[in-house]
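Protein chains: 2
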Amino acid sequence: MTTPAATEHRSAAILSIGDELTLGQKLDTNARWLSQQLVDLGISIIEHVTVPDDLDAHAAALARLAPRCDLIISSGGLGPTADDLTRQALAIAARDTLVHDADGERQIRAWFAARARSLAPINLTQARRPSRGSLLENKHGTAPGLFSTIESASHRCDVFCLPGPPREMMPMFDASVRPALRPPEGRVIHTRVLHSVGLGESDLAQRLGPLMDRSNVPLIGTTASGGIVSIRIRYEGEAPRERARALVDAAAEKVMQLAGDYVFADGHDSLASVVLRTLKERGQSIAVVESCTGGTLAEELTAIPGSSASMLGGWITYSNQMKQTQVGVPTELFAQGAPGAVSREVARAMARGGRDRSGASIALSITGIAGPDGGTPTKPVGTVWISLAHASGSDTRRFSMAGDRASIRAWSCTAALAMAWQHLAGRSHPLLRQLEAHAE
Amino acid sequence: MTTPAATEHRSAAILSIGDELTLGQKLDTNARWLSQQLVDLGISIIEHVTVPDDLDAHAAALARLAPRCDLIISSGGLGPTADDLTRQALAIAARDTLVHDADGERQIRAWFAARARSLAPINLTQARRPSRGSLLENKHGTAPGLFSTIESASHRCDVFCLPGPPREMMPMFDASVRPALRPPEGRVIHTRVLHSVGLGESDLAQRLGPLMDRSNVPLIGTTASGGIVSIRIRYEGEAPRERARALVDAAAEKVMQLAGDYVFADGHDSLASVVLRTLKERGQSIAVVESCTGGTLAEELTAIPGSSASMLGGWITYSNQMKQTQVGVPTELFAQGAPGAVSREVARAMARGGRDRSGASIALSITGIAGPDGGTPTKPVGTVWISLAHASGSDTRRFSMAGDRASIRAWSCTAALAMAWQHLAGRSHPLLRQLEAHAE
Numbered sequence: 002m003t004t005p006a007a008t009e010h011r012s013a014a015i016l017s018i019g020d021e022l023t024l025g026q027k028l029d030t031n032a033r034w035l036s037q038q039l040v041d042l043g044i045s046i047i048e049h050v051t052v053p054d055d056l057d058a059h060a061a062a063l064a065r066l067a068p069r070c071d072l073i074i075s076s077g078g079l080g081p082t083a084d085d086l087t088r089q090a091l092a093i094a095a096r097d098t099l100v101h102d103a104d105g106e107r108q109i110r111a112w113f114a115a116r117a118r119s120l121a122p123i124n125l126t127q128a129r130r131p132s133r134g135s136l137l138e139n140k141h142g143t144a145p146g147l148f149s150t151i152e153s154a155s156h157r158c159d160v161f162c163l164p165g166p167p168r169e170m171m172p173m174f175d176a177s178v179r180p181a182l183r184p185p186e187g188r189v190i191h192t193r194v195l196h197s198v199g200l201g202e203s204d205l206a207q208r209l210g211p212l213m214d215r216s217n218v219p220l221i222g223t224t225a226s227g228g229i230v231s232i233r234i235r236y237e238g239e240a241p242r243e244r245a246r247a248l249v250d251a252a253a254e255k256v257m258q259l260a261g262d263y264v265f266a267d268g269h270d271s272l273a274s275v276v277l278r279t280l281k282e283r284g285q286s287i288a289v290v291e292s293c294t295g296g297t298l299a300e301e302l303t304a305i306p307g308s309s310a311s312m313l314g315g316w317i318t319y320s321n322q323m324k325q326t327q328v329g330v331p332t333e334l335f336a337q338g339a340p341g342a343v344s345r346e347v348a349r350a351m352a353r354g355g356r357d358r359s360g361a362s363i364a365l366s367i368t369g370i371a372g373p374d375g376g377t378p379t380k381p382v383g384t385v386w387i388s389l390a391h392a393s394g395s396d397t398r399r400f401s402m403a404g405d406r407a408s409i410r411a412w413s414c415t416a417a418l419a420m421a422w423q424h425l426a427g428r429s430h431p432l433l434r435q436l437e438a439h440a441e
Numbered sequence: 002m003t004t005p006a007a008t009e010h011r012s013a014a015i016l017s018i019g020d021e022l023t024l025g026q027k028l029d030t031n032a033r034w035l036s037q038q039l040v041d042l043g044i045s046i047i048e049h050v051t052v053p054d055d056l057d058a059h060a061a062a063l064a065r066l067a068p069r070c071d072l073i074i075s076s077g078g079l080g081p082t083a084d085d086l087t088r089q090a091l092a093i094a095a096r097d098t099l100v101h102d103a104d105g106e107r108q109i110r111a112w113f114a115a116r117a118r119s120l121a122p123i124n125l126t127q128a129r130r131p132s133r134g135s136l137l138e139n140k141h142g143t144a145p146g147l148f149s150t151i152e153s154a155s156h157r158c159d160v161f162c163l164p165g166p167p168r169e170m171m172p173m174f175d176a177s178v179r180p181a182l183r184p185p186e187g188r189v190i191h192t193r194v195l196h197s198v199g200l201g202e203s204d205l206a207q208r209l210g211p212l213m214d215r216s217n218v219p220l221i222g223t224t225a226s227g228g229i230v231s232i233r234i235r236y237e238g239e240a241p242r243e244r245a246r247a248l249v250d251a252a253a254e255k256v257m258q259l260a261g262d263y264v265f266a267d268g269h270d271s272l273a274s275v276v277l278r279t280l281k282e283r284g285q286s287i288a289v290v291e292s293c294t295g296g297t298l299a300e301e302l303t304a305i306p307g308s309s310a311s312m313l314g315g316w317i318t319y320s321n322q323m324k325q326t327q328v329g330v331p332t333e334l335f336a337q338g339a340p341g342a343v344s345r346e347v348a349r350a351m352a353r354g355g356r357d358r359s360g361a362s363i364a365l366s367i368t369g370i371a372g373p374d375g376g377t378p379t380k381p382v383g384t385v386w387i388s389l390a391h392a393s394g395s396d397t398r399r400f401s402m403a404g405d406r407a408s409i410r411a412w413s414c415t416a417a418l419a420m421a422w423q424h425l426a427g428r429s430h431p432l433l434r435q436l437e438a439h440a441e
């Protein structure tokens, strides 16, 4: 299994394969990850394409994309079963035949032997490769990857076929694809992303004005997602890398002058990571008490490596009894005629109880109606109370979130983290305008 | 804004638009959701395509796909800013010009007025549409959708352009696209998916044998994802709907005879939903105590509507102190030379403490090292202890998960839920073979 030589890779297409993707049974996360890796290297992505487990469609996609870019990276279709057709599709597109690779067979046998698993005869189909191609070693599964080229008289496209499961695909990319890539020498792509919360996308665009003209270098664009509006600044051209960086930084500076009050992070930071880092820098800590979000907020905080430095933990007080027994919400708040589980009083008591019992510097609580059932005329689905308890008191707010159960839960976490961020950053602008815009 | 007449829609392509997608900054969830809706109606998906915010690439994708299918549904690029180019791309591909839509302007103005938000002049660009097309009302945002057709002498393709944010896209699909669709009359697609845990994909394929031949009707395929191997059974053809269903059911019956011991669910059920439903049917309940997964397991359980019937809640005992004070893990287990936080003893004490304090019928605990830091030679990253406490004792197991932090957390939840399922279902086959296969 050799690492192939490569020409210069200026542009790439990402190909995902599988009925489970085109049938909508599974979300494609590989295309995003692969794009990130290539873009970081300065390689442009011309297209993502997903095709079903259909030999003709698969081979046709390869044949169509190959003349238009220098690199195709596919994932999926390398499994041992009859619906895995990547080997054949690559052979057709490369006008090649499949041969058995003895070294590949040895590696597959070794993989099974090391795990004391019996080898199924069909696993040996995974040792087949195009005669002019090569196999890529899989250290995390049975399916070797494939490399080959699709060539015309004037153009060569390198094709790397990786397995579908991310835990096999990602290490194989790092081990066998990344070292073989030749990013363009003279061409520079430099991007920065600023993330804002509290302004709608069009309000933000109005503030930025002519900065967003499509003829500008660098280009500035915005994207709204789950309550966050991200501002992308992107230079692509022939300038020296230092100059590209300076142009992007200057544009970011202008953005900050116009909308900096709402910008909470730069780059890969999220609201959760900014909150955690700020707490850590101050030697402070956080705990959470969740009802309708049921762990989503804790999950978001603990997803960040090193979060244990300031995240102590929390409670999922999903039942009223858990609210009472575990964080000390007064029983009378649940009585007939009392405010009830979704109320300012209960949200505040949850946050205060969580702060007291954990000893955290701040605590966030969320209680609401995520639906689809459980709404009432006075507390419709989407009614969410969020409270932040801190050393000098608490801040408790009502939100009316639109959307389905998953959206309501996700936006509730964003609103809670935005409240924590504003508290920690001492921001005083009118709050969460964008989140509240969904408050009907 | 009229609902357009449509021809028969046998096949469709899904187009996603945005630099944030091709740059890998954002995950495309729309393509999956849209595919699900169309497949449920019996419409075949020929391809998913994602292009950047580039007018030429966008118009070229429309022009390429239109002759090959009856329907294109796009999402993204309808925002008010200069990088939103869907209107122009559609006009180019349909060989049409853009006009201002007075009714659209009224709706946009009404949307802003109802929210007491000021209208930015650029918002009015969202009232532009191809002259032979129409706008689709957006009840959840400012961007109307677009409908138009791309026609040749012999073929017509209907194109619906929806906004990118899922909370706007999904209701617009339901209100304006779904009623306009004409699924093929004579053509039937019928699918079933069985989900299994505990067998590797190739072991499962070996059990199924010739059932998986690509020439079979219905087709049977497998997909592995995060510890679950799903078996897809799919009929597509001209048979009457009842006959298609019978063929698929007969194939599912054969699959159950060969591998039923490992099958935990059918259709859209997940391990979490099966566990919750079983508990509810028995009048039982569950609580969770999470360390390294930090809320991921609770999130997975509470994501299911109606989960409060059997999910009481839980604890995120992220710090050792929370483990001691909140669920009563004995302090001495953390002393020098004692087993420590990642151990059989602590996992068992967490599950027992959580069960006792919540009064739940069963409790699951997870404690481990999700990485990237914190590993030691005897407890490397990926070491995870999981315990299930129940009325007659507890079941505690060690797993060695591969992959990154997110994978380790996700697989830990799958393993925990699989333990609960096996306990509730009384299954006795060798456990979690597939999960343990990642145990090196």
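Note that the protein sequences, when read in sequence, are chains A and B. Its first residue numbered 2, the first sequence is counted upward by one per residue in our numbering. Its first residue numbered 2, the second sequence is counted upward by one per residue in our numbering. By construction, the Cβ of each residue, glycine as well, lies at the ideal position given by its N, Cα and C atoms.
>> Just to confirm the assignment: which complete alpha helix (DSSP H) runs, minimum length 4, are found wholly within the region 368-407 of chain B?
In response: none
>> Quick check on Pro81/A - is its C-beta less than 8 Å from some C-beta in chain B?
In response: yes
> When you check each C-beta in the region 8-28 of chain A against every C-beta of chain B, which residues fall closer than 8 Å?
Replying inline: Ser17, Gly19, Asp20, Glu21, Leu22, Thr23, Leu24, Gly25, Gln26, Lys27, Leu28
> Going by Cα to Cα distance, which pick from Pro167/A, Leu28/A, Leu99/A is closest to Leu35/A?
Replying inline: Pro167/A
> Which residues share a DSSP beta bridge with Gly329/B?
Replying inline: Beta-bridge pairing links Gly329/B to no other residue.
> Could you give the distance in angstroms between the alpha-carbon of Gln423/B and the alpha-carbon of Glu237/A?
Replying inline: 54 Å
> Beta-carbon separation of Arg133/A and Ser149/A under 8 Å?
Replying inline: yes
>> In this structure, how does DSSP classify Asp204/A when only helix, strand and coil are distinguished?
In response: helix
> For a contact meaning CB atoms closer than 9 Å, what does Ala240/A contact in chain B?
Replying inline: Those do not exist, as Ala240/A stays about 19 Å from chain B at its closest Cβ, beyond 9 Å.
> Quick one: is Ile93/B near chain A, going by C-beta distance under 8 Å?
Replying inline: no
> If you draw a straight line from the alpha carbon of Ala440/B to that of Arg428/A, how long is it in whole angstroms?
Replying inline: Low local confidence applies: a pLDDT of 32 at Ala440/B is under 50, so the model's placement there is unreliable, and no value is given.
>> Contact defined as beta carbons within less than 8 Å: I believe Ala206/A pairs with Thr87/B. What is the distance between those atoms, to the nearest angstrom?
In response: Not confirmed; about 16 Å, so no contact.
> For Thr150/A, which beta-bridge partners are listed by DSSP?
Replying inline: Asp159/A
> Three-state secondary structure (DSSP) at Asp214/B?
Replying inline: coil
>> What would DSSP say about Ser308/B, mapped onto helix, strand or coil?
In response: helix
> How close, in whole Å, do the beta carbons of Gly442/B and Glu346/B come, if the pair is a contact with beta carbons under 8 Å?
Replying inline: Since the displayed chain B opens at 2 and closes at 441, residue 442/B lies outside it and no answer follows.
>> With a threshold of 8 Å between beta carbons, is Ile229/A in contact with chain B?
In response: no
> If you measure beta-carbon to beta-carbon, which residues of the region 121-132 of chain B are closer than 7 Å to chain A?
Replying inline: Ala121, Ile123, Asn124
>> Rounded to whole angstroms, what is the Cα-Cα separation between Ala252/B and Ser197/B?
In response: 16 Å
> How is the alpha helix (DSSP H) around Ser274/B delimited, first residue to last?
Replying inline: 272-282
>> Considering only their Cβ atoms, is the gap separating Leu125/B from Leu137/B smaller than 8 Å?
In response: no
> Name the chain A residues that come within less than 9 Å of Asp97/B, Cβ to Cβ?
Replying inline: The contacting residues do not exist; Asp97/B stays about 21 Å from chain A at best.
> Within 10 angstroms of its Cβ, does Arg358/B collect 16 or more other Cβ (buried), or is it exposed?
Replying inline: buried
> Relative to the alpha-carbon of Ala32/B, which residue among His49/B, Ser45/B, Leu42/B has its alpha-carbon at the smallest distance?
Replying inline: His49/B
> CA-CA distance, Arg130/A and Leu79/A?
Replying inline: 11 Å
>> Mapping the DSSP letters down to three states, classify Tyr319/B as helix, strand or coil.
In response: coil
>> Taking the beta strand (DSSP E) that Thr51/A belongs to, which residues open and close that run?
In response: 45-52
> Run through DSSP, which three-state label would Val178/B get?
Replying inline: helix
> So, Gly450/B versus Ile317/B, is the Cβ gap smaller than 8 Å?
Replying inline: Residue 450/B lies beyond the stretch modelled for chain B, which goes from 2 to 441, so this question has no answer here.
> Can a CB atom of chain B be found closer than 8 Å to the CB of Glu48/A?
Replying inline: yes
> Cα-Cα, which of Ser362/A, Arg349/A, Ala361/A, Gly354/A is closest to Gly369/A?
Replying inline: Arg349/A
>> Measuring only the C-alpha atoms, how far is Glu9/A from Ala114/B?
In response: 54 Å
>> Can you list, in chain order, the residues of its chain with a C-beta nearer than 7 Å to that of Leu418/A? Leave out the 5 residues immediately preceding and following it.
In response: Leu272, Ala273, Val276
>> Let me make sure I understand the geometry here. Which of Gly77/A, Ser366/A, Val382/A, Gln327/A has the alpha-carbon closest to that of Ala421/A?
In response: Ser366/A
>> For Phe335/A, which residues in the same chain have their Cβ closer than 6 Å to its Cβ, ignoring the five residues on either side in sequence?
In response: Asn321
> Which stretch, first to last residue, makes up the beta strand (DSSP E) that contains His101/A?
Replying inline: 99-101
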